[in-house]
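Just below is one structure, and these are the notes that go with it.
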Amino acid sequence: MEAAGLRRAPPTPRVKRRQFVLLAGLLALAVVAWVLTDDRMAGMDSTPGAALGGLGFYVTVWVVMMGAMMFPSVAPTVMMYDRLRDGHRARGRGAAPDATPIFVLGYLLVWTAAGLVAYGLLAAGGELDPAFLAWDEAGRWLAGGVIVAAGIYQLTPWKQACLVKCRSPMMFLAERWRDGRAGALGLGARHGTWCLGCCWALMAALFAVGVMSIGWMAVIAAFIAAEKLLPWPKNSRHAVGVALVVLGLAVSIMPADVPGFSERSDNGMSGGAGMQMMR
65 MEAAGLRRAP
75 PTPRVKRRQF
85 VLLAGLLALA
95 VVAWVLTDDR
105 MAGMDSTPGA
115 ALGGLGFYVT
125 VWVVMMGAMM
135 FPSVAPTVMM
145 YDRLRDGHRA
155 RGRGAAPDAT
165 PIFVLGYLLV
175 WTAAGLVAYG
185 LLAAGGELDP
195 AFLAWDEAGR
205 WLAGGVIVAA
215 GIYQLTPWKQ
225 ACLVKCRSPM
235 MFLAERWRDG
245 RAGALGLGAR
255 HGTWCLGCCW
265 ALMAALFAVG
275 VMSIGWMAVI
285 AAFIAAEKLL
295 PWPKNSRHAV
305 GVALVVLGLA
315 VSIMPADVPG
325 FSERSDNGMS
335 GGAGMQMMR
């Protein structure tokens, strides 16, 4: 009943102004993150399996990347959270005044943890560096297979369930609401977990085409925004899936003909030594 009431109640001019400022702030942070990411990635190898740099460098780049790619898509959820927070404060429920940025922090912490897992897996693979994964042998088939698998995941019930949570945050936020900063952090982490379930395969595809490529970052970010924000969730999800399957097959069969795709040279920079590169 409370959630329904909040849905029907029109926002006051003060709330509208704050929501506009919040949206503008998130989009401005996303723009700044894109600029910083482009600067940090300048001169780095953007091919599949390229060196990710040292752990400290990678974490900072990854967090900024997540801000650049995710803030536009997660903005409606953050705005909904802020509106609920305002309603709780108006009724004296004790919602922290700084709960909204803490909610965003919880969201980013989940993606930071996911990035660390990806780094660990790639570092372990780089240490092994099996010869059969050279790009001119099985490497391109592995990269293409990851992208195709990401496309197939788009069509699964698990993807649909996670996407529903991302696209319909009202009930999710209202039903699991907790006051205080710990509540904001936990709720942000919960939403980040649903978002991770929705987008992990797309991020795997980004690693497969070259995670340090600003162009492929933009493509994957556009896919994420399309399925989360466009009014045709099923069609958008399926279209992204088909596009990924086609891209994966092209990377495997004719990588030189894929626009914007750079094949790995296997000159020794993709192995364990390359993982230690620092900028």
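Mapped onto this note's numbering, the consecutive letters of the sequence shown carry residue numbers 65 to 343. For every residue, glycine included, the Cβ atom is placed at its ideal position computed from N, Cα and C. Computed from a predicted structure; not experimentally measured.
Inter-residue spacing [alpha-carbon to alpha-carbon] between residue i and residue j
i	j	result
ARG71	MET276	Any reading at ARG71 must be qualified, since the residue scores a pLDDT of 48, below 50, and its modelled position is unreliable; the value itself is stated next. Distance between the alpha carbons of ARG71 and MET276 is about 41 angstroms.
ALA160	ARG245	6 angstroms
ALA202	VAL85	50 angstroms
MET135	VAL123	For the record, residue 135 in the displayed sequence is Phe; it is not Met. Taking the straight line from one Cα to the other gives about 17 angstroms.
LYS223	PRO112	25 angstroms
TRP264	MET144	23 angstroms
ALA189	ALA198	The residue asked about is misnamed: residue 189 is Gly in this sequence, not Ala. Between GLY189 and ALA198, the C-alpha separation is close to 12 angstroms.
GLY131	PHE325	24 angstroms
VAL322	VAL315	7 angstroms
ALA114	GLY120	17 angstroms
GLN83	PRO140	10 angstroms
ILE247	ARG254	As written in the sequence, residue 247 is Gly, which differs from the Ile given in the question. Cα-Cα distance, rounded: 10 angstroms.
LEU185	ASP103	26 angstroms
GLY117	ALA177	17 angstroms
LYS80	LYS229	24 angstroms
ALA195	GLY250	44 angstroms
VAL306	SER300	10 angstroms
ALA225	LEU100	33 angstroms
ARG318	ILE166	Per the sequence presented here, residue 318 reads as Met, with Arg not at that position. Straight-line Cα distance between these residues: approximately 46 angstroms.
ALA232	PRO297	Reading off the sequence, residue 232 comes out as Ser, not Ala. Their backbone Cα atoms lie some 11 angstroms apart in a straight line.
MET133	ALA94	7 angstroms
ALA320	ILE211	16 angstroms
VAL125	VAL96	13 angstroms
VAL304	GLU191	33 angstroms
TYR183	PRO221	28 angstroms
Which of helix, strand or coil DSSP assigns to residue i
i	result
LEU94	One point to set straight first is that residue 94 is Ala, not Leu, in the sequence displayed. ALA94 falls in the helix class under three-state DSSP.
VAL275	coil
PRO295	coil
GLN218	coil
ASP200	helix
THR257	helix
PHE84	helix
GLY324	coil
ARG242	coil
MET318	coil
THR124	helix
SER300	helix
GLY131	helix
ASP103	helix
MET108	coil
GLY118	coil
Beta-carbon proximity of residue i to residue j, cut-off 8 angstroms
i	j	result
ARG147	ALA163	no
MET281	MET129	yes
VAL138	TYR171	yes
THR257	VAL142	no
ILE278	MET105	yes
HIS152	ASP243	yes
GLY252	VAL168	yes
LEU219	CYS262	no
LEU266	PHE287	yes
Discussion item. Could you check whether the segment 264–279 touches the segment 228–245, counting it as contact only if at least three pairs of C-beta atoms, one from each stretch, sit closer than 8 angstroms?
Written reply: No: the two stretches stay apart, fewer than three of their Cβ pairs being nearer than 8 angstroms.
Worksheet entry | Those runs of the alpha helix (DSSP H) which lie wholly inside the segment 134–195 and span at least 4 residues | As far as the segment 134–195 is concerned, its whole alpha helix (DSSP H) runs of at least 4 residues are 163–192.
Fill in: Contact between the segment 285–302 and the segment 201–216 (3+ Cβ pairs under 8 angstroms)
In short, these stretches do not touch, since the Cβ pair count stays below three.
Worksheet entry | Three or more C-beta pairs below 8 angstroms linking the segment 297–312 and the segment 210–217 | The answer is yes - the segment 210–217 touches the segment 297–312, with three or more Cβ pairs under 8 angstroms.
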